[in-house]
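Enquirer:
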Amino acid sequence: MYRWKVSLILIILSALLIGLVMALPMSAKTPASFSPAKGKIAFVGNKGGNDEIFSINSDGSGRTQLTHDAVNNNLPKYSLNGDKIAFVKNTDGNDEIYVMKSDGSGETRITNNPARDYDPVFSPDGSKIGFTSNRDGNEEIYIMNADGSGQVRLTNTPAHDCYPTFSPDGSRIAFNSNQTGDYEIFIMDVDGRNKIDLTNNPAQDTCPSFSPDGSKIAFVSQRDGDPEIYIMNADGSGQTNLTCNPRADSWPSFSPDGGKIVFQSNRNGDFAIFTMNVDGSSQTRLTDSAECSQTPNWQPLPIRF
Ligand SMILES: [Ca+2]
Ligand SMILES: [Ca+2]
Ligand SMILES: [Ca+2]
Ligand SMILES: [Ca+2]
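FYI, the numbering for the sequence shown is 0 to 304, going by numbering that gives the first Met the number 0.
(1) Can we say the region 201 to 210 touches the region 153 to 168, given the rule of at least three CB pairs closer than 8 Å?
(2) Mind checking who lysine 46 pairs with in its DSSP beta bridge?
(3) In terms of residues, what are the limits of the beta strand (DSSP E) holding lysine 37?
(4) Are there any heavy atoms of ligand 2 lying less than 7 Å away from the beta-carbon of arginine 67, as far as the coordinates show?
(5) With H, G and I counted as helix, E and B as strand and the rest as coil, what does DSSP make of phenylalanine 270?
(6) Is the region 192 to 204 touching the region 221 to 240, taking contact as three or more C-beta pairs under 8 Å?
(7) What residues come near ligand 2, if near means a beta carbon less than 7 Å from any of its heavy atoms?
(8) Hey, out of Asn240, Asp82 and Glu290, whose CA is closest to threonine 279's CA?
(9) Taking the alpha-carbon positions, what's the isoleucine 216 to asparagine 296 distance?
(10) Classify glycine 47 as buried or exposed, calling it buried when 16 or more other Cβ atoms lie within 10 Å of its own Cβ.
(11) Tell me where the beta strand (DSSP E) around glutamate 95 begins and ends.
(12) With DSSP as the reference, label tyrosine 77 as helix, strand or coil.
(13) Residue ranges of each beta strand (DSSP E) run of no fewer than 3 residues wholly in the region 220 to 290, ordered along the chain?
(14) Using 10 angstroms around the beta-carbon of valine 120, count the other beta-carbons present and answer buried if the total reaches 16, otherwise exposed.
(15) At which residues does the beta strand (DSSP E) containing arginine 171 begin and terminate?
(16) Consult DSSP for aspartate 212 and reduce its assignment to one of helix, strand or coil.
(17) What residue from Tyr97, Pro157, Ala158 and Asn175 has the CA that sits closest to asparagine 144's CA?
(18) Between the region 106 to 123 and the region 145 to 154, are three or more C-beta pairs nearer than 8 Å?
(19) What did DSSP end up calling asparagine 193 once you bin it into helix, strand or coil?
(20) Using a 10 Å radius around the Cβ and a threshold of 16 neighbouring Cβ atoms, would you call aspartate 135 buried or exposed?
(21) Between aspartate 116 and the rest of its own chain, which residues show a CB-CB distance below 7 Å, the 5 nearest in sequence each way excluded?
(22) Ordered along the chain, which non-local residues of its own chain (more than five positions away) have a Cβ less than 6 Å from that of valine 261?
(23) May I ask you to report which of helix, strand or coil DSSP gives arginine 134?
(24) Compare the C-alpha of phenylalanine 213 against each of Thr63, Lys259, Asp190 and Gly169 and name the closest.
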């Protein structure tokens, strides 16, 4: 009886040991330190008298200059898998849309039009770029293939329609428009139909940014007298002030896991890059407030679990 018990215990221990050994290679494949809140933050800083695009890690370390030329480079926006950055370069005396790899290499010109072409944003699948152009005499939202072909106008109003951003499922575009007299966040289908005013407030409401799951939109509103970062549900309900600071807080962009928002603020001097939790807590400055750092965009990362 005793020997039978010892044998059973040995068999169980062996099975456990084999299971542990088999599990080890699986564990080794899982990046234990990977956090979906990470991903770099691209922004614009002034270097040598003109605007250049930089990136930093999400804790503010690792500052890297990505563009290097004598003209202004602005408005960086990462592709959804984080490998490319669309941006604006002031070439030939007007703004054009460019794309580069996220390390700054492989710069490619996408638009070639004497009007202003700006506010580029990749569609979630990377096949399209939405942008703003004033080529018909005032600002409208356009969409094109990512190589610049097939440019189509989506809005057609006498007002300023600008700052497009895609919903994460690619079906809709949120944007700024002052067609009601002051700026509101509108949303429309990707073909320009079914336009809805989400904010409907007499103050200026601008800069929409979807959360990665599409359930929330961060935006900027001046309804308390100065620019603040707000968050709302994607249907416009539950509009909530997150920053509550007397200086200018603007340009929100969500972290890859949706837990944080990066933004710009001049609360400590010149514009600097800040992050906060999505409930407005832990507002933290990442860049030097004596330098002008603006228009941050958080690099999305594929979730690798
Ligand atoms: Ca142009
Ligand atoms: Ca217009
Ligand atoms: Ca408004
Ligand atoms: Ca403020």
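In this text, a Cβ means the ideal position worked out from N, Cα and C, and glycines have one as well.
Because the structure is a prediction, the values reported are computed rather than measured.
Expert: Taking the definition as stated:
(1) Cβ pair count under 8 Å is three or more, so yes.
(2) Listed as beta-bridge partners of lysine 46 by DSSP are Asn49.
(3) No beta strand (DSSP E) contains lysine 37, which DSSP labels as neither H nor E.
(4) Checking the displayed sequence, the identity of residue 67 turns out to be histidine instead of arginine. It does not: the Cβ of histidine 67 is nowhere closer than 7 Å to a heavy atom of ligand 2.
(5) Phenylalanine 270: coil per DSSP, three-state reduction.
(6) Per the Cβ contact rule, the region 192 to 204 is in contact with the region 221 to 240 (3 or more Cβ pairs under 8 Å).
(7) Counting every residue whose Cβ lies closer than 7 Å to a heavy atom of ligand 2, we get Asn137, Glu138, Glu139, Thr154, Asn155, Thr156, Pro157, Ala158, His159 and Asp160.
(8) The amino acid occupying residue 279 in the given sequence is glycine; threonine does not appear at that position. The shortest Cα separation from glycine 279 among Asn240, Asp82 and Glu290 belongs to Asn240.
(9) Taking the straight line joining both Cα atoms gives about 15 Å.
(10) Taking all protein chains shown into account, glycine 47 has fewer than 16 neighbouring C-beta atoms within 10 Å of its C-beta and is therefore exposed.
(11) 93 to 100 is the span of the beta strand (DSSP E), which, as asked, contains glutamate 95.
(12) Strand, per DSSP.
(13) Every beta strand (DSSP E) of 3 residues or more that sits fully in the region 220 to 290 is shown, in chain order, as 227 to 232, 248 to 253, 259 to 264 and 271 to 276.
(14) The residue is buried, with at least 16 neighbouring Cβ atoms inside 10 Å.
(15) Membership of arginine 171 in the beta strand (DSSP E) is indicated by the continuous run 171 to 176.
(16) DSSP places aspartate 212 in coil when its eight states are reduced to three.
(17) Closest by alpha carbon: Tyr97.
(18) Pairwise C-beta distances place the region 106 to 123 in contact with the region 145 to 154, as three or more of them are shorter than 8 Å.
(19) Secondary structure at asparagine 193: coil, using DSSP grouped into helix, strand and coil.
(20) Aspartate 135 comes out exposed.
(21) Closer than 7 Å at the Cβ level, and outside the excluded window around aspartate 116, lie Asp94, Glu95, Ile96, Thr110, Phe130 and Ser132.
(22) So the qualifying residues of the chain are Ile40, Ser252, Thr274, Pro295 and Trp297.
(23) The three-state reading of DSSP puts arginine 134 in coil, since its state is none of H, G, I, E or B.
(24) For the sequence presented, residue 213 should be read as glycine rather than phenylalanine. It is Gly169.
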